[in-house]
Structures are given as structure tokens and as C-alpha cells.
Amino acid sequence: MTIRELLTWAFTEELCKAQNEGGRLVPGMPSPGTVYGDFETLGTLIDRSPNAWGVIPTWSEDDAPHEDAVKLGELVRRLARDGFDIPADWYPFPEWQDERGVIRAEVDRVLEGERARGERQTGRHAYNLIVTCAVLKRGPDWRVDRPKERMVMRQGKPAWFMMKRQKDALGQYRSFETDGYDRRTHRPKKGAYRKWELSEPLRGAILARIDWMVWIAALKLLERECEYTLGFVNIAPSRLDPAPWDMRSADERRAQVIDNAM
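Below, the structure is given as C-alpha cells:
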């Protein structure tokens, strides 16, 4: 089995045999059940609380969960102790042209906020991703169409902008953006320019690709640790691509990483 198949086996066939008593979730961690989204995705109506492993118990009288499934569940729990960084030079849309820089600007804005909050870099988030994806039998959906670009409008007309400099209270010159349209002459002021923006927000797509990256990093970590932990199961090698949206070959990407490190 690959690590993904092993996780699905553990969380959908074995660990669901454990009832609510006899274990606890990681303190302060929301149940992975809360990140399943709409339970209709699972094709069933669920009105039970998750067990200690974060999955819905089957309430069957079968044997206890398999020993290796329990060991794997413990490895997944340990993810909550770790953190998963967003690399400083990480860019989620290398396949898109961005001549005006509007996509880069949106990515920088969203990543600045995410790094400050740190929610998606926590082990708790990785734990939830691993359990949720194991139950749903798929990874985070990273696919997205490139949004169109449009001129920034003001009262139904393309807006004009310009940069100005002004002294602050400390006597330092500061640059700021202001209206570049002359209401008196009904013409743009000298040095004025127009701006472009995306027709749709990219925040959701950026977060989905962060989730994919974190999910793959967690899978690789679990894959390594399983080699020394499990008994009867041999982990089959699997292709865990942290950036399947990048059309360049894996060799080209590795070469770029080496170049950036030099």
C-alpha cells in the first residue's frame, strides 16, 4: 500500500471501530469532522460525534482496530506537535502569465496575512488535513482557472491614479497614491496612470494550494516514520508532488531550488 492508501484503510476501516471511550483528541484541537465540510460529501447522513481518532465510530461489534492502524493513528496525532513553513519564495501560480503583476500582488497580500496568522502552518491543521483527506479519499482541490483582469473603475469609468510625495511630522518625505483625475479639466493629471485588478479573488485558490503543499509534506513525514513503526505493512513508494500545477519537470524545479540556494 502507498501511504495514502494506508491512511484511508486506517481511518475508514479500522480506527472507526474504536468507540468514544478510552481516548481523547489532541487538547484544543477541533475534530477533523469539523473540516469534512458538508457531510453530504460523504454520501451519508451523520449524527454521531467523532471518536478519539477523529472519525465517526461504526458501533459494530467487530474486533478492535488493527494494531498497525493504531500505530499509524498515533503518528498522525504527533503531527500536531510540528509546524509546516510556507517557504519565503513560494509562489502558487507559476503556470500563469502575469504581465501587469496583479496576481503577484494578490499572492503577496494573502501570504503576508497567512504568515502572520500562522493557522495553516500549524501541526493541528496538518492533522486535520491528513484525516479529512484519508476519509474523503482525495487530496485538497488545487485546480483553479486563471481569473480575468479588468481596469479599476470609479463611477462606471476607468479610474486614474498618481503618486505624490509629502513631508510627514518628522520631516521625512513619504510617497502615497492619490486621485489622478482633474475634476476641473475633466482630464487625467500629468503623470497619472490606470490600474488593473483581478475580476475574482484568489484567496481561496491560494489557500487550497497551501493546503496541498502542507498535506504532501505531512504525507512524506508519515511515509518516512512508518518504515520504522509498522509491522505487517510495507509502504510502497508513491509520487508525492508538492506542486502538480507546475508544468516544469521535476528536474527543472530541483535545478531552480539548487540555483536559489547558491
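Quick note on the working numbering: the sequence shown kicks off at 19 and runs consecutively.
Where a beta carbon is used, it is the ideal one built from N, C-alpha and C, also for glycine.
Keep in mind that this is a model prediction, so the values were computed, not measured.
key: Beta-carbon proximity of E218 to V120, cut-off 8 Å   = Cβ atoms of E218 and V120: not closer than 8 Å.
Cβ shell of A254 (< 7 Å), same chain only, five flanking positions each side left out:
M19, T20
What is the DSSP secondary structure of Q184, reduced to helix, strand or coil?
strand
- request: Identify, in the order they occur along the chain, each residue of the same chain with its Cβ nearer than 8 Å to the Cβ of W108, setting aside the five sequence neighbours on each side.
  value: Cβ neighbours of W108 beyond the five flanking positions: L129, M231.
Q | Segment contact flag, the segment 232 to 242 with the segment 87 to 103, C-beta cutoff 8 Å, min 3 pairs | A | The segment 232 to 242 vs the segment 87 to 103: in contact.
Practice item. Take V73 and list the residues in its own chain whose beta-carbon comes closer than 8 Å to its own, dropping the five residues that flank it on each side. Key: F29, T30, L33, C34, P50, G51, V149, V153
Review point. What whole-angstrom Cβ distance do N69 and A36 have, given they're in contact under 8 Å?
Key: 5 Å
When you compare only the Cα positions, how much space is there between R212 and K185?
25 Å
query = Between the beta-carbon of D264 and the beta-carbon of P112, is there less than 8 Å?
reply = Cβ atoms of D264 and P112: closer than 8 Å.
Starting from the C-beta of K207, find all residues in its chain whose C-beta is less than 8 Å away, skip the five residues before and the five after it, and write them out in chain order.
W178, M180, G198, Y199, D200
Compute the Euclidean distance between the alpha carbons of Y191 and E92, then round it to the nearest angstrom. 57 Å
**Asked** Based on Cα-Cα distance, which residue from G222, H204, K166, Y246 lies nearest to E117?
**Response** K166
TODO: Return helix, strand or coil for D86, following the three-state DSSP convention.
DONE: helix
### T11 (DSSP reduced to helix, strand or coil)
Here the chain comprises residues numbered 19 to 280, so residue 11 is not present and cannot be evaluated.
Coarse secondary structure for R99, derived from DSSP in three states
helix
- Quick one: grab the DSSP three-state call for R127. helix
Review point. From R96 to G174, what does the alpha carbon distance come to, in whole angstroms?
Key: 54 Å
Enumerate, from N- to C-terminal direction, the unbroken beta strand (DSSP E) stretches of 3 or more residues contained entirely within the segment 181 to 269. If we require 3 residues or more, the beta strand (DSSP E) runs fully inside the segment 181 to 269 come out as 191 to 197, 214 to 216.
If contacts are defined as beta-carbon pairs under 8 Å, then W160 and A226 qualify, I think. What distance do you get, rounded to the angstrom? 5 Å between Cβ atoms; contact.
* Do you know whose CA, among G189, R205, A210, lies nearest E195's CA? -> A210
Alpha carbon to alpha carbon, what distance is there between N252 and Q139? Distance between the alpha carbons of Q139 and N252: 30 Å.
Beta-ladder partner(s) of M171, from DSSP:
P176
key: Identity of the residue in P83, V94, T26, A223 nearest G141 by Cα   = V94
- request: With DSSP collapsed to three states, give me the class of Y145.
  value: helix
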